[in-house]
Amino acid sequence: MIQVKHLQKEFRIHQARSGLGGAFRDLFSREYKTVKAVDDLSFTVEEGEMFALIGENGAGKSTTIKMLTGILTPSDGEIVINGYVPFKQREEYVRSIGVVFGQRSQLWWDLSPLESFRLLKSVYKVDEAEGEKWLTRLIEELEISSFVSQPVRKLSLGQRMRCEVAASLIHKPRLLFLDEPTVGLDVLVKQKIREFLRNLNETENMTILLTTHDVSDIEALCKRVLVMDKGKLIFDGLLSDLKEKWGNGTEVSFQMKKRTSADELRRALGDMPCKITQENEYTLSVQVQQSQEMLPFVLSTVMSSFEVSDVKMLETSTEDIVRNIYQADTEVRDHA
Amino acid sequence: MHRLYMELIRMRFLTMLAYRVNYYSGIIIYAINIGAYYFLWGAIYGDQQQLGGLSVEQMTSYVAIAWMSRAFYFNNIDMEIAQDVREGKVAIEMIRPYNYLSVKTAQAFGEGIFRFLFFAGPGIFLISLIIPFHFPATATDWGLYLLSLLFAFLINTQINLLTGLFTFFLFRNDGMMRAKRVVVDLMSGLVLPISFFPGWAQTVMGFLPFQAVNYYPSLIFTGAITHGRAWELIGFQAIWMVVILVPILVLWRMARNRLVVQGG
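The listed protein sequences correspond, in order, to chains S and A.
Numbered by UniProt numbering, the letters in the first sequence go through residues 1 to 336 in order.
Numbered by UniProt numbering, the letters in the second sequence go through residues 1 to 264 in order.
This is how it looks when you write it as structure tokens:
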């Protein structure tokens with residue numbers, strides 16, 4: 001459905017000279033610096049996939065989305081989506097996609113969302129009867145019926161965002177792009193939007209691509225993750241693989257009935273490669289790297305050797321993983 | 001496609017209605033302008049019967065109708081385009097299956113119709129009560145005026161599109177847009193009928209599209225020219241419309257390729 005090959009985008013940025021003299025010289029000749037925002041990006045996406053594009057600020061996510069949606073013209077490389085080349089056949093292509101920009105509104109500020117929907121229906125030439133049925137469903141599932149006739153400027157961010165999602169789906173696109181859709185929203189609204197998206201993916205087999213900073217978005221929605229850094233793709237795979245590659249393994253915390261020291265536990269576990277930390281006199285935690293093989297062993301050994309009153313398993317959160325990726329990358333950069 | 005543009009025009013109409021204070025102050029501003037010019041020209045004419053080929057009555061009608069025409073053709077789409085580019089809103093426009101420039105034109109048209117009906121209509125009625133004012137006598141005269149006014153709208157909108165498009169390359173062109181506004185008002189004959197300019201200036205302006213924006217339709221309205229000449233002027237307008245279309249299309253194509261979306 002989406003095919004991207006060796007995608008590149010370069011920007012020419014004007015470098016201002018310093019000082020008054022510099023400003024004067026800038027009037028006549030300017031210096032430019034070429035910046036590669038997206039560098040040799042390749043990936044393919046199948047129909048019905050739901051995947052996330054993550055990365056630090058300035059990693060090139062937004063530029064990538066803008067090229068995929070036909071807004072920006074790539075400097076080099078190929079994009080084919082739904083059989084169209086986005087920047088060349090823009091007007092035909094955008095009929096088959098929906099886009100939500102978390103930081104930009106596509107609703108008309110002074111009018112009610114309902115008026116905007118009406119206009120969008122004629123923009124996309126949606127069939128009247130079918131469009132109405134679909135819109136009713138959108139309004140119902142996003143729970144926006146109570147404020148859909150108020151002017152957009154009077155809506156709260158959460159209300160507006162749900163209307164934005166509805167607006168992007170008016171024409172029942174096969175592919176939906178969401179650029180940081182949950183920025184600044186409270187947990188409840190986030191959850192509502194996520195549930196809605198998941199449902200959409202299941203019932204309509206809609207392909208959904210989202211960029212986000214919010215790791216819980218990815219956990220709730222996506223199996224596949226693409227990680228970008230400095231314009232390059234540094235990871236493309238399943239969320240579970242990402243966890244294994246960048247995660248800290250699993251941490252098990254044991255609450256003992258008797259006082260136990262870290263040394264005692266170490267003796268019981270032998271020379272198993274694991275990290276033991278004493279949290280307090282009764283609580284010890286064990287950190288293991290490859291959870292699948294080691295975990296049963298650790299659990300059975302500890303259970304049989306000590307009297308345990310409670311066990312807690314702490315898996316590394318995706319948030320930690322993302323932090324790890326960003327940090328690891330900084331280190332590499334520092335060494336280089 | 002037709003339905004889309006009708007809908008866009010309707011939307012802009014509604015948006016204009018949403019701001020009532022703007023609407024009322026607009027009427028007052030137009031009334032003050034027309035009144036000021038009416039008295040100014042009264043003083044300039046003094047005892048003379050004719051100036052530059054126009055009688056006092058024709059002059060008064062000219063001033064009033066020039067401003068009323070302006071209510072229809074005037075719009076700020078250049079500023080809107082500039083704002084879209086500066087704030088990165090073009091991104092939203094580009095994900096829609098329509099041509100950005102045609103959409104802007106349709107919106108401007110919605111605004112024009114609104115002003116024509118709600119500013120110019122009541123305005124001209126009020127003014128005809130106070131100052132001597134003469135309307136075109138026949139339906140043909142009315143038809144010619146309205147046709148010419150439509151072209152005036154299109155040409156002015158094209159000029160605005162052109163200045164607006166420069167924002168894609170310059171990012172800030174407020175100065176240029178302000179200058180354009182003054183130039184259009186002056187050279188279109190809004191402030192002064194073209195026949196009042198010195199000979200050399202008239203020659204220069206003959207090569208510029210601005211008088212097609214206001215002078216032509218206003219002249220037709222006053223009835224100071226024959227039907228034949230009126231058709232000729234409308235012909236000129238049509239030619240200008242086609243001529244200005246060329247740089248717009250070229251600039252638009254260039255702008256698409258070097259579009260930068262500001263702010264993330």
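Idealized CB from N, CA, C, for every residue including glycine.
As the structure is a computational prediction, the values presented were derived from the model and not from experiment.
query	result
Please go through the same chain and pick out, in chain order, the residues whose beta-carbon is closer than 7 Å to the beta-carbon of residue 174 of chain S, but skip the five residues on each side of it.	82, 96, 206, 207
Rounded to the nearest angstrom, what separates residue 15 of chain S and residue 36 of chain S at their Cα positions?	15 Å
Under 9 Å between beta-carbons, which chain S residues line up against residue 97 of chain A? List them in chain order, please.	90, 91, 92, 93, 94, 95, 123, 124, 125, 171
Does the count of Cβ pairs from the stretch 253-261 of chain S and the stretch 297-310 of chain S closer than 8 Å reach three?	yes
Beta-carbon of residue 106 of chain A versus every beta-carbon of chain S: anything under 8 Å?	no
At the level of alpha carbons, what is the spacing between residue 223 of chain S and residue 238 of chain S?	6 Å
DSSP state of residue 48 of chain S, grouped into three classes?	coil
Nearest-angstrom Cα distance between residue 165 of chain A and residue 83 of chain A?	11 Å
Since residue 97 of chain S sits in a beta bridge, which residues does DSSP pair it with?	S:175
Comparing C-alpha positions only, which one of S:209, S:59, S:182 sits nearest to residue 325 of chain S?	S:59
Let's test the definition: count the other Cβ atoms within 10 Å of the Cβ of residue 229 of chain S and tell me whether it reaches 16, buried, or not, exposed.	buried
Taking 8 Å as the threshold, find out whether the stretch 182-191 of chain A comes into contact with the stretch 222-229 of chain A through three or more Cβ pairs.	no
Which class does residue 274 of chain S belong to by DSSP, given the choice of helix, strand or coil?	strand
Counting only the same chain and skipping the five closest in sequence on each side, list residues whose C-beta sits under 8 Å from that of residue 7 of chain S.	38, 40, 41, 42, 64, 67, 74, 76, 77, 78, 79
Return the CA-CA distance between residue 109 of chain A and residue 14 of chain A, expressed in angstroms with no decimal places.	13 Å
Could you tell me how far apart the beta carbons of residue 217 of chain S and residue 194 of chain S are, in whole angstroms, since I believe they sit closer than 8 Å?	7 Å
Of all Cβ atoms in chain S, is any one closer than 8 Å to the Cβ of residue 75 of chain A?	no
By the DSSP assignment, the beta strand (DSSP E) with residue 341 of chain S in it spans what residues?	What is shown of chain S runs 1 to 336, which leaves residue 341 of chain S out entirely.
Using the beta-carbon of each residue, which ones in chain A are nearer than 9 Å to residue 307 of chain S?	The premise fails here: residue 307 of chain S is roughly 56 Å from chain A at the closest Cβ pair, so nothing lies under 9 Å.
Who are residue 92 of chain S's beta bridge partners in DSSP?	None, per the DSSP bridge assignment.
Can you give me the Cβ contacts of residue 197 of chain A inside the same chain, cut-off strictly under 8 Å, excluding the 5 residues immediately before and after it?	205
Who are the neighbours of residue 339 of chain S on chain A, taking C-beta pairs under 9 Å?	No answer is possible for residue 339 of chain S: it lies beyond the span of chain S, which begins at 1 and ends at 336.
If you measure from the beta carbon of residue 166 of chain S to each beta carbon in chain A, is any gap under 8 Å?	no
In chain order, which continuous runs of the alpha helix (DSSP H) of length 4 or greater are located wholly inside the stretch 121-153 of chain S?	128-141
What number of angstroms, rounded off, separates the C-alpha of residue 50 of chain S from the C-alpha of residue 225 of chain S?	9 Å
Are the Cβ atoms of residue 168 of chain A and residue 85 of chain A separated by less than 8 Å?	yes
Going by DSSP, name the residue or residues bridged to residue 237 of chain A.	Paired residue(s): none; residue 237 of chain A is not in a bridge.
Taking the beta carbon of residue 108 of chain S as the centre, do at least 16 other beta carbons fall within 10 Å, making it buried, or is it exposed?	buried
Given this structure, state the Cα-to-Cα distance separating residue 176 of chain S from residue 315 of chain S, to the nearest angstrom.	31 Å
Going along chain A, which residues have a C-beta under 8 Å from residue 115 of chain S?	11, 14
Just the Cα atoms here: how many angstroms apart are residue 327 of chain S and residue 302 of chain S?	34 Å
Whole alpha helix (DSSP H) runs in the stretch 281-308 of chain S with 4 or more residues, listed along the chain?	291-305
Name the chain S residues that come within less than 9 Å of residue 256 of chain A, Cβ to Cβ?	73, 87, 90
Would you grab the beta carbon distance between residue 38 of chain A and residue 63 of chain A for me? Rounded to a whole angstrom, and I think it's under 8 Å.	6 Å
Between residue 132 of chain A and the rest of its own chain, which residues show a CB-CB distance below 7 Å, the 5 nearest in sequence each way excluded?	57, 60
Quick one: complete alpha helix (DSSP H) runs, 4+ long, within the stretch 171-258 of chain A?	174-187, 199-206, 215-222, 227-257
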